[in-house]
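Residue numbers (our numbering): 4 to 291. Note that beta-carbon positions come from the ideal geometry of N, C-alpha and C, so glycine has one too. Note that this is a predicted model, so its numbers are computed, not measured. All remarks here apply to the structure that follows.
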C-alpha cells in the first residue's frame, strides 16, 4: 500500500493509473476505522482496479463545542487495517494541504441539508459538502463509496454531485452493525459499558417503527411520537425521529412507497444516528 501526504504526490500516482486505463474508486474517511469502513473498501474493490482511501478529520464539519479535538485518531492501526484490506493508496493530508488559509469558497446544498442533523448541527453539511467536493477534485475518482448509516450525508453528496455535474458514480453500502444491532461508528468509542448496552435500543426503535408502518395500523406522527417516548424511557435524549421519503427526505405521506426512518439521539455525551430504509411496494407485493 502506497501512503502519500501531499496532493502532488497523490496526483502523480493517479496520473499513471489513469494512463493505464485503470478504474479508480475512492473511499473518504475520518479514520478510526472499523468493520464498516473496511466493508466500503471491499465494495470499492469489486468495482475498480485501484482503491484510494483518505483519512482526514475535517475541521469545517465540526461545530462550536463539538468533538473535533477529541475525535479518535488511530493512524497506525488504520494503516494496518487498510494494508490488510489490500488498499492501493492511502492519502493522509494535513489541514493545510486541503484548505488554503485564504479560502473563500464553500459548497452549500440547500434543502436536503437544512433538516434533521443539518438543523441540529448548523454548518455541518456545508463542511461535509465542501471537503467532499474538494477531495473529488483532488482525486477525480470514477467511483466514490459511502456508507448508508449517514443517510442524510449520502443524500447531500448525491445532490451535490448531480447539481454540479461532478463525473463520479456514488456507490452506497448497507450499514454494518454490531451483534446487538448498534450501527458501527467511530463515536461508539465514547460509550461506557452501560451506555453500550442501551445504545442498541436506537436500532430497535427503528425496527419497531418499520413494523408498525408495514402493519398500517397507525398514522406516521403517532408512530414517531411512540418512538420518541420509547427512546426517552430507555435513557436517550432524542433529537429527531422522522419517517421520510427516501428520495428527498421530506416527511412521508401514506401515498409514498420508498421510505427511510431517520433517528438521532444523545446517550450520555454521545450523539448517535441511525436509519432503516425500505419499500412499501416491495413489502406488499404478492408472493409467487
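Buried or exposed by the 16-neighbour rule on C-beta atoms within 10 Å, applied to residue i
| i | result |
| --- | --- |
| residue 242 | buried |
| residue 107 | exposed |
| residue 18 | exposed |
| residue 28 | buried |
| residue 277 | buried |
| residue 227 | buried |
| residue 251 | exposed |
| residue 22 | exposed |
| residue 210 | exposed |
| residue 111 | exposed |
| residue 105 | exposed |
| residue 258 | exposed |
| residue 225 | exposed |
| residue 113 | exposed |
| residue 219 | exposed |
| residue 44 | buried |
Contact set for residue i: own chain, Cβ-Cβ below 6 Å, skip 5 residues either direction
| i | result |
| --- | --- |
| residue 280 | 249 and 263 |
| residue 46 | 148 and 176 |
| residue 15 | none |
| residue 86 | 4 |
| residue 36 | 81 and 84 |
Cβ neighbours of residue i in the same chain (closer than 7 Å, five flanking residues each side left out)
| i | result |
| --- | --- |
| residue 201 | 237, 238 and 270 |
| residue 32 | 40, 56, 57 and 58 |
| residue 253 | 247 |
Rounded separation between residue i and residue j - CA only
| i | j | result |
| --- | --- | --- |
| residue 140 | residue 155 | 22 Å |
| residue 38 | residue 186 | 11 Å |
| residue 235 | residue 244 | 12 Å |
| residue 11 | residue 129 | 26 Å |
| residue 291 | residue 223 | Residue placement at residue 291 is poorly supported in this model, since its pLDDT is 48, which falls under 50; the coordinates are not used for a value here. |
| residue 136 | residue 121 | 18 Å |
| residue 169 | residue 196 | 43 Å |
| residue 172 | residue 165 | 10 Å |
| residue 146 | residue 162 | 16 Å |
| residue 132 | residue 160 | 6 Å |
| residue 50 | residue 283 | 30 Å |
| residue 182 | residue 256 | 33 Å |
| residue 204 | residue 143 | 40 Å |
| residue 73 | residue 194 | 14 Å |
| residue 77 | residue 273 | 19 Å |
Bridge partner(s) assigned by DSSP for residue i
| i | result |
| --- | --- |
| residue 277 | 266 |
| residue 241 | 268 |
| residue 186 | 180 |
| residue 247 | 254 and 263 |
Cβ-based neighbour list, residue i, same chain, cut-off 8 Å, excluding 5 preceding and 5 following
| i | result |
| --- | --- |
| residue 8 | 94, 95, 96, 97 and 100 |
| residue 66 | 124, 125, 126 and 127 |
| residue 71 | 60, 62 and 65 |
key: At least 3 beta-carbon pairs within less than 8 Å: the region 85-95 vs the region 46-55   = The region 85-95 makes contact with the region 46-55, as at least three CB pairs between them are under 8 Å.
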